[in-house]
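Read the structure below first, then the notes.
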Amino acid sequence: MRLKRQARFRLSYPRQVCPQMTDEAGFLVVGGDSLVGGGVTAALRRRGHSFFTTTRRHSNLTVGRTFLDFESTEPFKAPDGVGYAFVIAAATNYDRCETDPMARVINVELIPRTVASLLEQGLFVTFISTNSVFGGERPWPGEDDAHAPQIAYAQQKSDGELAVRAAAERLGATDRLNIVRLTKIMNGAVSPLPAWFDAWRRGEPVQPFSDLIFAPISVRFVGEALVTIGERRVSGNLHLSGAENVDYVTFAHALARRAGVDAALISPSSAAEKGIHIAFKPRYSGLGMTRTTQLTGIEPQKLDDLIADLGD
Ligand SMILES: NC(=O)c1ccc[n+]([C@@H]2O[C@H](COP(=O)([O-])OP(=O)(O)OC[C@H]3O[C@@H](n4cnc5c(N)ncnc54)[C@H](OP(=O)(O)O)[C@@H]3O)[C@@H](O)[C@H]2O)c1
Numbered sequence: 001m002r003l004k005r006q007a008r009f010r011l012s013y014p015r016q017v018c019p020q021m022t023d024e025a026g027f028l029v030v031g032g033d034s035l036v037g038g039g040v041t042a043a044l045r046r047r048g049h050s051f052f053t054t055t056r057r058h059s060n061l062t063v064g065r066t067f068l069d070f071e072s073t074e075p076f077k078a079p080d081g082v083g084y085a086f087v088i089a090a091a092t093n094y095d096r097c098e099t100d101p102m103a104r105v106i107n108v109e110l111i112p113r114t115v116a117s118l119l120e121q122g123l124f125v126t127f128i129s130t131n132s133v134f135g136g137e138r139p140w141p142g143e144d145d146a147h148a149p150q151i152a153y154a155q156q157k158s159d160g161e162l163a164v165r166a167a168a169e170r171l172g173a174t175d176r177l178n179i180v181r182l183t184k185i186m187n188g189a190v191s192p193l194p195a196w197f198d199a200w201r202r203g204e205p206v207q208p209f210s211d212l213i214f215a216p217i218s219v220r221f222v223g224e225a226l227v228t229i230g231e232r233r234v235s236g237n238l239h240l241s242g243a244e245n246v247d248y249v250t251f252a253h254a255l256a257r258r259a260g261v262d263a264a265l266i267s268p269s270s271a272a273e274k275g276i277h278i279a280f281k282p283r284y285s286g287l288g289m290t291r292t293t294q295l296t297g298i299e300p301q302k303l304d305d306l307i308a309d310l311g312d
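Below, the structure is given as structure tokens:
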């Protein structure tokens, strides 16, 4: 079976960076090699902004790519000319957050320490957080709603938010800080999509889970939206979310329709049926975006728009 042309998704995302020279204060992307960081650097490049990224890997250092390891005792100085930092890097692996005490130290102490240092250096800072801080039992939590984290990763991100907000208050810099929570980020390389595309190319069915809910947004959407927030320097709590809570069966059907794949190649299953333990299994995943839309004009991403972006 051949997929229609638009179904031949590219399975990698461009990651290389090149600082571009303009007159404005530049941006710093802390964690340029992350999934979200790749979306932000691509959007910055598309809009002609000057930017630097950071990496903790000495072998990856190049012009425009500067060293930052949260675990290093060396103080980090933002490159000259930078006025805005996106702090994206984090200890993101759920299992590691459950089992490795260092993950909590990184997320709750070392990242907030870096945020405080960037604020002290006069930068405007975006700290990236997650929908999981709300626990997933309430639909469409608002930007200033109370947290109810259920897993270690979510608890650490929630505590990290508290720590960065406390640092901003101590420094009198709350007008130079925003906390942006994201729902699940997708591109064509994010699991389970590569396996689904491979199966469909072989004419074999995929088995999406009906009991796994998410409100996905694309790497492109999150990159463009974060750069809009950075350009407008909006402070406070903000959300970036898909417009719908969907299960993976619904998602697979929407994807198959777009790719011209026969719906018979979708064989619904469930994590419960397969006996698979999933650490974070929210009833609701989407985030309320009322404040964000009012202040930035950014709307929740529709499912069809996310799917159209997966080829990027
Ligand atoms: N992906 C999602 O669906 C999603 C959803 C909601 C929120 N978020 C949030 O979005 C942010 C980015 O997530 P992501 O999925 O894009 O991340 P990711 O692809 O897992 O990448 C994490 C990045 O953090 C870096 N990092 C880890 N420990 C570090 C340390 N000690 N010092 C410096 N850098 C370190 C890693 O560096 P190496 O490359 O060197 O390993 C990597 O580049 C996180 O704050 C996450 O909580 C993500």
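Residue numbers (our numbering): 1 to 312.
We put the CB at the ideal spot given by N, CA and C, even for glycine.
Here the structure is a predicted model, which is why all the values come from computation and not from measurement.
Could you name the residues of the same chain whose beta carbon sits closer than 7 Å to that of residue i, not counting the 5 residues immediately before and after it, in chain order?
| i | result |
| --- | --- |
| Pro149 | Ser132, Val133, Gly135, Gln155 and Ser158 |
| Ile229 | Thr126, Asn178, Val180, Leu238 and Thr296 |
Pull up the distance between the alpha-carbon of residue i and that of residue j, whole angstroms please.
| i | j | result |
| --- | --- | --- |
| Leu240 | Ser267 | 31 Å |
| Leu119 | Ala252 | 43 Å |
| Ala25 | Arg170 | 25 Å |
| Asp80 | Leu123 | 11 Å |
| Met21 | Ser50 | Confidence at Met21 is low in this model, with a pLDDT of 41, below 50, so the placement of that residue is unreliable and no value is reported for it. |
| Gln121 | Ala78 | 8 Å |
| Tyr94 | Tyr153 | 6 Å |
| Ala263 | Glu204 | 11 Å |
| Ser59 | Gly32 | 14 Å |
| Glu98 | Ala279 | 10 Å |
| Phe27 | Val40 | 10 Å |
| Arg258 | Leu182 | 25 Å |
| Leu193 | Phe221 | 18 Å |
| Thr62 | Gly48 | 20 Å |
| Thr53 | Val29 | 5 Å |
| Asp144 | Ile128 | 15 Å |
| Asp247 | Arg96 | 26 Å |
Determine the burial state of residue i: buried for a count of at least 16 other Cβ atoms within 10 Å of its Cβ, exposed for fewer.
| i | result |
| --- | --- |
| Asp309 | buried |
| Thr73 | exposed |
| Met102 | exposed |
| Gln301 | buried |
| Gly275 | exposed |
| Gln6 | Residue placement at Gln6 is poorly supported in this model, since its pLDDT is 34, which falls under 50; the coordinates are not used for a value here. |
With a CB to CB cut of under 6 Å and the five nearest residues on each side skipped, what residues in its chain are close to residue i?
| i | result |
| --- | --- |
| Arg313 | Here the chain covers residues 1 to 312 and nothing more, so residue 313 does not appear. |
| Ala254 | Leu303 and Ile307 |
| Ala199 | Val206 |
| Pro139 | Tyr284 |
Spatial neighbours of residue i within its chain, please: C-beta separation below 8 Å, excluding the five flanking residues on both sides.
| i | result |
| --- | --- |
| Ile298 | Ala225, Thr228, Ile229, Leu240, Met289 and Thr292 |
| Arg165 | Thr174, Leu177 and Ile179 |
What are the partner residues of residue i, as DSSP defines its beta bridges?
| i | result |
| --- | --- |
| Phe214 | Val246 |
| Ile179 | Phe127 and Asn237 |
| Ile266 | Val206 |
| Met186 | Ser218 |
Are residue i and residue j closer than 7 Å when you measure CB to CB?
| i | j | result |
| --- | --- | --- |
| Gly242 | Gly188 | no |
| Ile213 | Pro282 | yes |
| Ala85 | Ala116 | no |
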